[in-house]
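This report refers to the structure that appears directly beneath it.
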Amino acid sequence: MIKFTGVTRDYPKTGAALKNASFHIKKGEFAFITGHSGAGKSTALRLIYLADRPTEGEVRVSGFATARMAAGDIPRLRRRLGIVFQDFQLLEDRTAEENVAFTLEVTGARRTTIGPRVMRVLTQVGLAGKAGQYPRELSGGEQQRVAIARALVNDPVVLLADEPTGNLDERATRGIFQLLRDINASGTAVLMATHDLDMVRSLPSAHLIELQGGEVVYDSEGDAPAMEETP
Amino acid sequence: MNLVLRETALAFRRAPLLSALSITTIGFSLFVFGLFGLVAVNIERAIGSVAERVEVVAYLKRGTPIETLALAQADIEAFPEVARVEHVTEAQALARARRDLTEFQDIFQDLEVNPLPASFDVRLKPPFRDAAHVAEVARRLQAFAFVDDVRYGQDWVEKLDRLRDIAGAVGSAVGAAFALVAIIIIGTTIRMAVLQRSREIAIMRLVGATDTFIRLPFLVEGLVKGLLGGLVALGLSAGAWALVNQALLRSSFFTPAQAAIGVVAGGLLGLAGSALSVGRHLRSV
Ligand SMILES: Nc1ncnc2c1ncn2[C@@H]1O[C@H](COP(=O)(O)OP(=O)(O)OP(=O)(O)O)[C@@H](O)[C@H]1O
Ligand SMILES: [Mg+2]
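Top to bottom, those sequences are chains A and B.
Going by our numbering, the first sequence opens with residue 773, and the numbers climb by one from there.
Going by our numbering, the second sequence opens with residue 2, and the numbers climb by one from there.
What follows is the structure, given as C-alpha cells:
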C-alpha cells in the first residue's frame, strides 16, 4: 500500500535525508520506522503525505504514483491518510469536537453527517465526555487523542504518526500506544516513526524499519518476496 | 458555500477594528477616484453640450434643381455618422441672418438680391463628433457637384478633441494610481489574515482541503471589503458633491449605472488584491 523504491531525498545544504530507501508497507500492518535523530524518519513520512517530493526514486501510496501527481490531486490523497504529530497541531480556539469536525467541514462532508461521525471517533479514542473542552483544558495525552480522532474521522487507510508520544509522560505514552494498537486491530494500517525502542520491543509482531543516516539498515520484512498488491 | 460565508463573517468578527479600518482606507482612496470621476463626468457633460453644436455646413451652388437636392439630402442622411440634415434655403438663410445679426438689420433690410447661399446643415451623431469624423464627412460632402464650399469649426473641433484626450489621460492615470492603492491595501489586509490563520491553513492542507476551498474565504473577504469600500466612497462622493452643489456651482452627479459600476469596480479591486496576495502568501505558510 505504501511502497518506496530507491527513494532519495537530497537537500542542497544538508545532503541526503534519505538515500536509496526501499520498503513496502502492506494494508492493515502495524509498522515502525526507527532511527536516531536526523536519520530521516520524518522525511520518509513527509514523502508519503506529499509535503515533500523525492529527488530520485518512486513513492507509491494507496495506488497513487506520487511522482507524477499534480498539486491539485494532493488533497485526494491526503483524505485517505490520517496524520498525527508530536506537537498535536490542534486549533487552540476550537473545542475537541470542533477540531475533529474541522476535517470534515473543510473536506466537504455533508453537514448532517458531521455530528455523529465526530462523536463516533471521539468515543473511539475515549474522549466522548470531553468533547466540549478546549485544547488548553486537556492534558497532553488527551490532546493527542483529539488529534488521533481528527486523523481517523475520514476513515483513512493508514494512520501516519510522527513520534506521537514524544511529548508525553510514560503513562500517557502507554495509553496512546494502546490506542494505536486498537485502531490497527480494527483494520487501519499504522505507520509510526519513533525512537522509543521499548515500545518497538513490546510489539515484536510489528513490521520494523530502521534508518541510519537516511539509509534503510534493517527491514524485518525486507527479504520477503515483494508481492504486488492491488490498491 | 455556507461554510465559506461563515468563515468570511468570522474573519470580520475576529478583527472588527482592522476590517473597519481597511474598508475606510479603501473607501477614501476610492473616494479620491470618485472625485476625479465627478470632475470627469461634468467635463464630459460640458464637452457634450458643446459638441452637440458640431455642425458641418455645405453651401450649395445657386440654381441646383430641388429634386437633386432632395435626393442628395436622403443620401447624406444615410451616412452612418449623420444624425440629421437640414436644408436651409436662401430665403431661410436671409431670415435667419436678419434675426440673429440685429446689428446689420438695416443692410439686410435694404437688399435687392439675396446674397446668402442655401445650405445643408449637417449634424453628427454623438460618437462621431470628433475632428477625424467631421473632416471625413466634410470631404464626402465636398464631393457633391452642387456643393460650393464646406465649412465646419475645424479649429474648435480639434480643441475639443484635445480637451477630451487630456481629461481621459488624467482620469486614467489617477484612476490607475488609486486602483493600485486599493489593491495594495486589500492585499495587505488579506496578507495579515493569511498569516493570522496560518495554523488553520496548514491543518486544512494536511487533512486534504482543496486549494480552492482554502482560498475562497479570503477572496470573498477581499470582494466584500472592496464592495463596502466602494459604498463608503460613493457616500463620501455624494456628500462632497452636495457641498459643492450648494456652495459653488450646479454640477451633475453619477448616474445610478455609473455609481453601480463604481461600487462593483471597488469589489473587483478587492478581489484582485486578495487574489494576488493570497496566491503569494499561501505558498509561504
Ligand atoms: N527542510 C529541510 N531542509 C534541509 N534539510 C532538512 C530539511 N528537513 C530535514 N532535513 C535534514 O534531513 C535529515 C533528516 O531529517 P528528519 O527530520 O527526517 O529526521 P528524523 O529522523 O525525523 O529526526 P528526529 O528524530 O530528530 O525527528 C536531517 O539531517 C535534517 O537536517
Ligand atoms: Mg522527526
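Backbone N, C-alpha and C fix where the C-beta goes; we use that ideal spot for every residue, glycine too.
Treat the numbers as computed from the prediction; the structure is a model and nothing was measured.
- In the same chain as L790 (chain A), and ignoring 5 residues on each side of it, the C-beta atoms closer than 7 Å to its own belong to V779, T780, R781, G812, T815, A816, G986, in chain order.
- For F34 (chain B), the closest of B:A73, B:S253, B:G274, B:G230 by C-alpha to C-alpha distance is B:G230.
- T213 (chain B) is classed as exposed because its beta carbon has fewer than 16 other beta carbons within 10 Å across all chains shown.
- Taking non-hydrogen atoms of ligand 1 into account, the C-beta of S285 (chain B) is found less than 7 Å away from none of them.
- For L207 (chain B), the secondary structure class from DSSP, reduced to helix, strand or coil, is helix.
- Taking the Cα of S809 (chain A) as reference, the smallest distance to any Cα among A:Q984, A:V988, A:S992 is reached at A:Q984.
- The continuous alpha helix (DSSP H) containing H282 (chain B) extends over residues 257–283.
- Chain A has a Cβ within less than 8 Å of the Cβ of E201 (chain B).
- Residue-level contact check: T875 (chain A) touches chain B, since one or more beta carbons of chain B fall below 8 Å from its beta carbon.
- In this structure, the straight-line span from the alpha carbon of H88 (chain B) to that of E82 (chain B) is close to 17 Å.
- Within the stretch 114–158 of chain B, complete beta strand (DSSP E) segments of at least 3 residues are found at 120–125, 148–152, given in chain order.
- In the structure shown, G778 (chain A) adopts extended strand secondary structure according to DSSP, grouped into three states.
- In this model, G209 (chain B) and V929 (chain A) are separated by some 14 Å (Cα to Cα).
- In the structure shown, the three-state DSSP call for N246 (chain B) is helix.
- Put simply, the backbone Cα of V279 (chain B) is about 10 Å away from that of T189 (chain B).
- N3 (chain B) counts as exposed, since fewer than 16 other beta carbons sit within 10 angstroms of its beta carbon.
- With a cutoff of 7 Å, A965 (chain A) counts as near ligand 2, since its C-beta is closer than that to a heavy atom of the ligand.
- The DSSP-derived three-state label of V872 (chain A) is helix.
- Remark: the C-beta of T256 (chain B) is outside contact range of ligand 1, defined as less than 7 Å to any heavy atom.
- Shortest gap from the CB of K813 (chain A) to any heavy atom of ligand 2: under 7 Å.
- For the 8 Å CB-CB criterion, V972 (chain A) and L980 (chain A) form a contact.
- Residues of the stretch 841–854 of chain A with a Cβ closer than 9 Å to any Cβ of chain B, in chain order: A843, G844, I846, P847, R848, L849, R850, R851, R852, L853, G854.
- Here F804 (chain A) carries a strand assignment [DSSP, helix/strand/coil].
- Fewer than three Cβ pairs drawn from the stretch 2–21 of chain B and the stretch 817–833 of chain A lie within less than 8 Å of each other, which leaves the two stretches out of contact.
- In terms of beta-carbon proximity, V890 (chain A) stays away from the interface with chain B, with every pair separated by 8 Å or more.
- Taking all protein chains in view, the Cβ of T875 (chain A) is crowded by 16 or more other Cβ atoms within 10 Å, so the residue is classified as buried.
- Not one beta carbon of chain B lies nearer than 8 Å to the beta carbon of T960 (chain A).
- Interface with chain B (8 Å Cβ-Cβ cutoff): V893 (chain A) is excluded.
- Taken through DSSP and simplified to helix, strand or coil, R85 (chain B) comes out as strand.
- Counting every other CB atom within 10 Å of its CB across the protein chains shown gives G274 (chain B) a total of 16 or more, marking it as buried.
- For D968 (chain A), there is no enclosing beta strand (DSSP E), since its DSSP letter is neither H nor E.
- Nearest C-alpha to P784 (chain A) among A:F860, A:N792, A:T827: A:T827.
- G901 (chain A) and V872 (chain A) have their alpha carbons spaced roughly 14 Å apart.
- At a beta-carbon threshold of 7 Å, the residues of chain A lying near A210 (chain B) are P847, V878, T879, ordered along the chain.
- Taken from the Cβ of D934 (chain A), at least one heavy atom of ligand 2 lies inside 7 Å.
- About 13 Å separates the Cβ atoms of A59 (chain B) and A94 (chain B), ruling out a contact at the 8 Å cut-off.
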